[in-house]
Structures are given as C-alpha cells and as structure tokens.
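K.L.:
One structure is given below, represented as structure tokens, and several questions about it will come after.
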Amino acid sequence: AQSVTQLDSQVPVFEEAPVELRCNYSSSVSVYLFWYVQYPNQGLQLLLKYLSGSTLVKGINGFEAEFNKSQTSFHLRKPSVHISDTAEYFCAVSVIGGNKLTFGTGTQLKVEL
Amino acid sequence: KAGVTQTPRYLIKTRGQQVTLSCSPISGHRSVSWYQQTPGQGLQFLFEYFSETQRNKGNFPGRFSGRQFSNSRSEMNVSTLELGDSALYLCASSVAGQSYEQYFGPGTRLTVT
C-alpha cells in the first residue's frame, strides 16, 4: 500500500516570499507523484506531476517540485508567492499504471500582505 | 471542451435517507473515479468505473455503491445515510483510467442532518 505524509498542516507566508510545501511518500513499488491545489468551494486542479525522467518538474502558476527517490520526497516550491496562491495543496501518489490516487492530508497555504 | 460536471452541487438529507449523486465526465473519457473528502479523514478513494465495470473499490461500507452508463456518465448512491457521510464528494474522469490524467469536477457537498 502507498501512503503520503504532508507534515505541515498550515504554512503562512508573506507575499513575494518563497515557499516550500513538504511531501514524503511510502511505497514498495514505483509510483507517480502529483501536486493538486484546491481553492475554496472548488474541486482539485492538477499543479504538476512526476511520471519519469527529469526529477525537477515544472507546473502551472510558477510552481515546481523535485522528486528525490532516496529521501522519498516530492516537495513543492515557488520562488515568489502571490495572494492568489492562498489555497489548500495536496500531494498524491499512484501506482504506475494504476487508477487510484492516494492523497496526503493537505497543507493550507496562507499568503499575507 | 467542457469539464467534469457534478450535480447537484449542494444537497441536504436526513439520517436514514438515501442519496444519488451524478457525474458527467469530459467528452471522450471512459473512466470515472469517486472520492470522499472530509475534514477528519481527508481525501479517500471510493471506487472507479471503466466501460460500465467497477475496476477498483476503496475501503467503504456496502452502503456506498455506484454505476456507470454506456455514455460514461456515472452515479454514486449512498443508502441509509449517517451523519458521518457529510462530505464533499468529488468525481474525476480520465480517458483510459490512468491516474496521471485525472480531471476533477467541482464536487457535491452533502450535508446529513
């Protein structure tokens, strides 16, 4: 079975500051990795995904993430956040070729002026 | 292309009643997955349908069921509602059921009183 740990339930940050949201996973088989964002009263939107290849993945809205196999991590970063980035962020994994996503508990990013 | 649509968006039911939620996938998508989102348990996989067949099921009681029609639209049903069933129910669609290309709908907010 797979599991995902997002250690930070809330991350406050000032506008234009950099941010890192941490994600660690556990799996006995190879996995795909994802970051999703959820704005209030909305569904999930895919930010980026790691399937294979380069370990640095770039996504939408200026976000990027780095896959580290030895540390089983997939941390999300943005060099300069905006007020509009305030949302909840979910890290997720799936078995390669599988059809089920396993999510972490989410990190609430709050961007302040 | 229209996105994933879910109806209704909001629903209030009483304990013991049953409820049916509907999901229309993106045109051309044949796989539909359902997830439950609650503050306590987070995002949890319910089941996945592909070409009218349930291919995968999460760890939920038999009160939770679903089906998929020949046009790929899907419904999920919850019978004998309990207070703990109050949640946001999210539907996701993909072309062939691969998790790396799932697109989420806005969800149905179910409140059980």
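Protein chains in written order, with this note's numbering: chain P, 4 to 116; chain C, 13 to 125.
Even glycine gets a Cβ: it sits at the ideal position worked out from N, Cα and C.
Model, not experiment: these values are computed from the prediction.
1) I'd like to check one pair, Ala104(C) with Val31(C): are the Cβ atoms closer than 8 Å?
2) Less than 8 Å between CB atoms is the rule here; does Thr110(P) satisfy it with respect to chain C?
3) By the 10 Å Cβ neighbour count, where 16 or more other Cβ atoms means buried, how is Pro15(P) classified, buried or exposed?
4) At a cut of 8 Å, does the region 83 to 99 of chain P reach the region 78 to 89 of chain C through at least three beta carbon pairs?
5) With distances taken Cα to Cα, identify the nearest neighbour of Leu58(C) among Glu64(C), Phe72(C) and Arg67(C).
6) Can you pull the chain C residues whose beta carbon is under 8 Å from the beta carbon of Phe93(P), in chain order?
7) So that I know if they touch, is there some Cβ in chain C lying closer than 8 Å to that of Leu50(P)?
8) Can you list, in chain order, the residues of the region 47 to 75 of chain P whose Cβ is nearer than 9 Å to any Cβ on chain C?
9) Below 8 Å, can you find three or more Cβ-Cβ pairs linking the region 76 to 84 of chain P to the region 21 to 34 of chain P?
10) Just the C-alpha distance for Leu104(P) and Val96(P), rounded to the nearest angstrom, thanks.
11) Chain C partners of Leu104(P), CB-CB under 9 Å?
12) If contact means a Cβ-Cβ distance below 7 Å, which residues of the region 57 to 87 of chain C contact chain P?
13) Identify the contact partners of Tyr42(P) in chain C, using a Cβ-Cβ distance below 8 Å as the criterion.
14) Considering only the beta carbon of each residue, do Leu55(C) and Thr120(C) sit closer than 8 Å?
15) Residue range of the beta strand (DSSP E) that Arg67(C) falls in?
P.N.:
Per the coordinate set shown:
1) no
2) Answer no: the Cβ-Cβ gap between Thr110(P) and chain C never drops below 8 Å.
3) Exposed: under 16 other Cβ atoms inside 10 Å.
4) Segment contact: the region 83 to 99 of chain P against the region 78 to 89 of chain C, fewer than three CB-CB distances shorter than 8 Å; contact not assigned.
5) Checked all of Glu64(C), Phe72(C) and Arg67(C); the closest Cα to Leu58(C) is Phe72(C).
6) Leu55
7) no
8) Answer set for the region 47 to 75 of chain P: Leu47, Gln48, Leu49, Lys52 and Leu54.
9) yes
10) About 6 Å.
11) Ser45, Tyr47, Leu55, Phe57, Ala104, Ser111 and Gln114
12) Residues Phe57, Glu60, Arg67 and Asn68.
13) Here the premise fails: no neighbours, minimum Cβ distance about 10 Å.
14) Going by C-beta atoms, Leu55(C) is not nearer than 8 Å to Thr120(C).
15) Thr65 to Lys69
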